[in-house]
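Numbering (the numbering used here), first residue to last: -19 to 52. Glycine included, C-beta positions come from ideal geometry on N, C-alpha and C. For reference, the structure discussed in these notes is given below.
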């Protein structure tokens, strides 16, 4: 019973933290071995254009040909 409460509290904290970032997203992890980047975002306030711009700049900086979204 305690686990769902802790999970909800952590999710709420992380979402509220991200909401105050410009565009309501932040890059949280980069794995150069598999060329992956993970983002955390608040879907209610997400500026998709700003996030796509960040993805594009990251892709160009690492000379990737293309980028795609991983499905959950």
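For the pair residue 5 and residue 26, the CB atoms are nearer than the 8 Å cut-off. Residue 11 has 16 as its beta-bridge partners, per DSSP. If you check the CB distance, residue 31 and residue 21 come in under 8 Å.
Residue 19 has its alpha-carbon roughly 11 Å from the corresponding atom of residue 49. Rounded to whole angstroms, the separation of the alpha carbons of residue 17 and residue 10 is 4 Å.
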